[in-house]
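Counting along the first sequence from 1, when you hit position 412 you're at 474 in my numbering, and nothing is skipped either side.
To keep things clear, I will list the structure first and then write my remarks on it.
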Amino acid sequence: MARQAKLQTVRDAGGNPYAYTYDRTHEAGALQAKYAELPVGTETEDEVSVAGRIMAMRNNGMFIDLHDPSGKIQVFCHKDSMNEDELAKLETLDLGDIIGAKGKIRRTPRGELSVRVSHIQLLTKCLLPLPEKYHGLTDIEQRYRQRYVDLIVNEESRDTLRKRSLITTAMRDYLTKQWGGIEVETPMLHPILGGATAKPFVTHHNTLDTDFFMRVAPELYLKRLIVGGLADCVFEINRCFRNEGISPKHNPEFTSAELYKAFTDVNDMMDLTEGLVQYIAQTVFGTLEFKYGDNVINLGGKWPRKSMCGLVMDATGVDFMTIFDAAEARAAAKKLGVHVEPTAKWGEVVAAVFEEKVEDTLIQPTHITDFPLDISPLAKVHRDNPRLTERTETYVNGWEIANMFTELNDPADQQARFEEQVKAREAGNDEAQMLDADYVTALEYGLPPCGGWGLGVDRLTMILTGSPNIRDVICFPTLKPIKV
RNA sequence: GAUCGCCUAGCUCAGCCGGUAGAGCAACUGACUUUUAAUCAGUAGGUCCCGGGUUCGAUCCCCGGGGCGAUCACCA
63 MARQAKLQTV
73 RDAGGNPYAY
83 TYDRTHEAGA
93 LQAKYAELPV
103 GTETEDEVSV
113 AGRIMAMRNN
123 GMFIDLHDPS
133 GKIQVFCHKD
143 SMNEDELAKL
153 ETLDLGDIIG
163 AKGKIRRTPR
173 GELSVRVSHI
183 QLLTKCLLPL
193 PEKYHGLTDI
203 EQRYRQRYVD
213 LIVNEESRDT
223 LRKRSLITTA
233 MRDYLTKQWG
243 GIEVETPMLH
253 PILGGATAKP
263 FVTHHNTLDT
273 DFFMRVAPEL
283 YLKRLIVGGL
293 ADCVFEINRC
303 FRNEGISPKH
313 NPEFTSAELY
323 KAFTDVNDMM
333 DLTEGLVQYI
343 AQTVFGTLEF
353 KYGDNVINLG
363 GKWPRKSMCG
373 LVMDATGVDF
383 MTIFDAAEAR
393 AAAKKLGVHV
403 EPTAKWGEVV
413 AAVFEEKVED
423 TLIQPTHITD
433 FPLDISPLAK
443 VHRDNPRLTE
453 RTETYVNGWE
463 IANMFTELND
473 PADQQARFEE
483 QVKAREAGND
493 EAQMLDADYV
503 TALEYGLPPC
513 GGWGLGVDRL
523 TMILTGSPNI
533 RDVICFPTLK
543 PIKV
């Protein structure tokens with residue numbers, strides 16, 4: 063009998079193949095824990111009811127593996143415990159059906175905790191066959207396109223996405239309790255592109271007849287909240303959108319955490335990065351050591367803080383701090399085999415050399431401090447050097463996972479930096495930011511000394527869960543629709 | 001966007017030199033009420049990603065298209 067026919071059989075017998083509810087007493091995981099000590103071969107008089115999806119059936123339906131999100135329990139359908147009507151229901155069940163089962167707890171002679179069923183009920187018919195039980199669903203495309211099927215059959219997928227949820231929960235706890243932050247939500251639709259150097263998505267509001275950019279970063283709005291004194295510390299964990307290439311490390315929509323706290327600076331933000339990541343690692347995973355590919359990453363202790371130019375010098379022997387002329391810097395880069403645009407500024411050259419020669423080597427957590435002014439339009443000038451800013455990026459596993467700075471709060475300086483961005487934009491750089499005059503106005507009202515911080519939630523999750531592709535840590539990653 | 005690779009039954013995969021498609025699991029029929037990827041016997045199941053071309057004949061060779069993956073570019 064096919065699934066549709068069985069569904070009809072259930073209806074004909076007066077049942078509902080799509081039940082309204084079910085009175086479940088226990089989740090599978092709770093039973094496994096409660097009866098962990100129940101000896102092999104023991105029968106009990108403890109009545110329970112469970113509900114979940116049929117993932118395997120053996121011996122003509124006598125043994126059913128019932129899975130729910132908490133775990134698995136065997137359902138034992140023996141004729142001595144079931145009347146004829148109940149036994150007949152077994153005929154209508156298929157792999158994948160969601161059922162409820164009621165009966166007494168026992169542990170079989172083979173050691174499997176089971177419910178000796180007296181009453182069984184189809185709760186939701188599954189009309190499509192499940193992927194093969196042994197190999198599961200391995201086709202990577204189908205796993206992402208039909209995540210629901212992937213989740214039904216692949217424990218690792220469920221585990222990774224659950225871990226992600228635990229990670230963001232721990233993150234909220236830490237930012238709220240340890241840093242006194244309040245979580246806020248700022249616009250996704252931005253009239254002006256700002257907060258990061260990136261290509262945007264453009265969308266349109268009909269009744270306003272206005273184009274908006276999907277935000278590339280929430281930064282400028284969050285700092286406006288600090289200006290307003292909504293709180294001394296605000297944070298947001300939410301989506302950003304960048305219209306750029308897709309890769310194992312890039313999804314067009316990704317989740318960033320950003321935090322701003324008055325009366326702190328970049329040094330405090332480095333403490334935040336370490337404290338947060340270590341807190342998450344400990345509370346969610348109970349360890350500070352993580353395997354990723356061939357690397358073992360140790361998140362413990364104080365992470366080294368090294369200046370970008372210093373690391374570039376270590377790697378190449380070239381001290382860019384002694385080079386003041388952009389042309390000279392470009393020549394030095396060329397000598398090192400690093401390609402830079404003929405118009406590249408000193409800071410852009412340094413960053414290019416850093417990315418080429420240093421980035422991949424930063425497997426263990428490292429704070430890269432003292433970013434060049436040229437590539438940091440929203441960061442405050444370094445208190446000791448006008449060519450640098452108080453900006454740090456944190457690298458783990460060769461990836462940038464966090465970016466932080468002492469926020470630029472001098473409106474005149476910010477105005478000038480925006481104008482530089484506008485010039486770059488007019489010169490054809492479609493990633494350059496726009497002049498946000500209202501943001502400058504906000505700074506004119508006064509942004510207190512302020513540290514700001516952002517972290518890539520997806521990448522952190524990849525590292526902590528050992529996921530090789532960013533899509534593994536996103537429930538529904540961006541895919542190209544299939545054209546017919 | 002570029003290069004390389006992949007796409008065969010619901011799922012996991014074979015398929016030789018171009019001769020007209022196979023297995024395991026799932027399904028269906030039957031046996032079996034203490035199984036653990038249950039077992040045993042049998043049955044059925046295909047737009048070989050799509051569209052052209054070459055050929056007597058194309059899953060296979062060629063061209064175009066689609067989707068996915070890896071690497072690169074861009075970037076977080």
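We put the CB at the ideal spot given by N, CA and C, even for glycine.
Beta strand (DSSP E) segment containing residue i, residue limits
| i | result |
| --- | --- |
| residue 161 | 160–169 |
| residue 250 | Unbroken run through residue 250: none, as it is neither H nor E. |
| residue 376 | It is not in any beta strand (DSSP E) - residue 376 instead sits in the alpha helix (DSSP H) that spans 370–378. |
| residue 461 | 461–468 |
| residue 412 | Not the beta strand (DSSP E): residue 412 falls in the alpha helix (DSSP H), residues 408–419. |
| residue 319 | 315–324 |
| residue 359 | 357–360 |
| residue 266 | 264–267 |
| residue 353 | 351–354 |
Coil, strand or helix - residue i by DSSP
| i | result |
| --- | --- |
| residue 475 | helix |
| residue 64 | coil |
| residue 290 | helix |
| residue 240 | helix |
| residue 454 | strand |
| residue 382 | helix |
| residue 332 | helix |
| residue 515 | strand |
| residue 524 | helix |
| residue 113 | strand |
| residue 277 | coil |
| residue 446 | coil |
| residue 136 | strand |
| residue 480 | helix |
| residue 175 | strand |
| residue 82 | coil |
| residue 538 | coil |
| residue 424 | coil |
| residue 72 | helix |
| residue 214 | helix |
| residue 185 | strand |
| residue 120 | strand |
| residue 128 | strand |
| residue 297 | strand |
| residue 433 | coil |
| residue 405 | coil |
| residue 343 | helix |
| residue 105 | strand |
| residue 154 | helix |
6 angstroms Cβ shell around residue i - same chain, five flanking residues per side excluded
| i | result |
| --- | --- |
| residue 331 | 466, 513 and 515 |
| residue 22 | Residue 22 is absent from the structure shown; the chain starts at 63 and stops at 546. |
| residue 477 | 502 |
| residue 124 | 139 |
| residue 129 | 114, 115 and 117 |
| residue 91 | 132 and 133 |
| residue 413 | 437 |
| residue 137 | 126, 128, 163, 177 and 179 |
Residue i beta carbon near the ligand COA (any heavy atom closer than 7 angstroms)
| i | result |
| --- | --- |
| residue 110 | Ligands are entirely absent from the displayed structure, and the ligand COA is therefore not among its contents. |
Extent of the continuous alpha helix (DSSP H) run through residue i
| i | result |
| --- | --- |
| residue 227 | 217–235 |
| residue 502 | 499–507 |
| residue 202 | 202–207 |
| residue 96 | 90–96 |
| residue 149 | 146–151 |
| residue 397 | 388–397 |
Neighbourhood of residue i by C-beta distance below 8 angstroms, restricted to the same chain and skipping five residues each side
| i | result |
| --- | --- |
| residue 84 | 111, 113, 162, 183 and 185 |
| residue 9 | Absent from the model: residue 9. The displayed extent of the chain is 63 to 546, so no value can be given. |
Other residues of its chain near residue i: CB distance less than 7 angstroms, five sequence neighbours each side excluded
| i | result |
| --- | --- |
| residue 108 | 166 and 167 |
| residue 409 | 434, 435, 436 and 437 |
| residue 43 | No statement about residue 43 is possible, as the shown extent of the chain runs from 63 to 546 and does not include it. |
| residue 312 | 306 and 532 |
| residue 407 | 388 and 436 |
Contact between the region 451–466 and the region 413–426 is defined here as three or more beta-carbon pairs at a separation below 8 angstroms; is this criterion met? yes
Are there three or more Cβ pairs, one per stretch, closer than 8 angstroms when the region 246–257 is compared with the region 304–312?
no
Does the pairing of the region 218–233 with the region 337–356 give three or more beta-carbon distances under 8 angstroms? yes
| Touching or not, the region 360–378 and the region 429–440, by the rule of three or more beta carbon pairs under 8 angstroms? | yes
Answer yes if the region 523–530 comes into contact with the region 352–365, meaning at least three C-beta pairs across the two stretches below 8 angstroms, and no otherwise. yes
The region 439–459 contacting the region 354–369, beta-carbon criterion three pairs below 8 angstroms = yes
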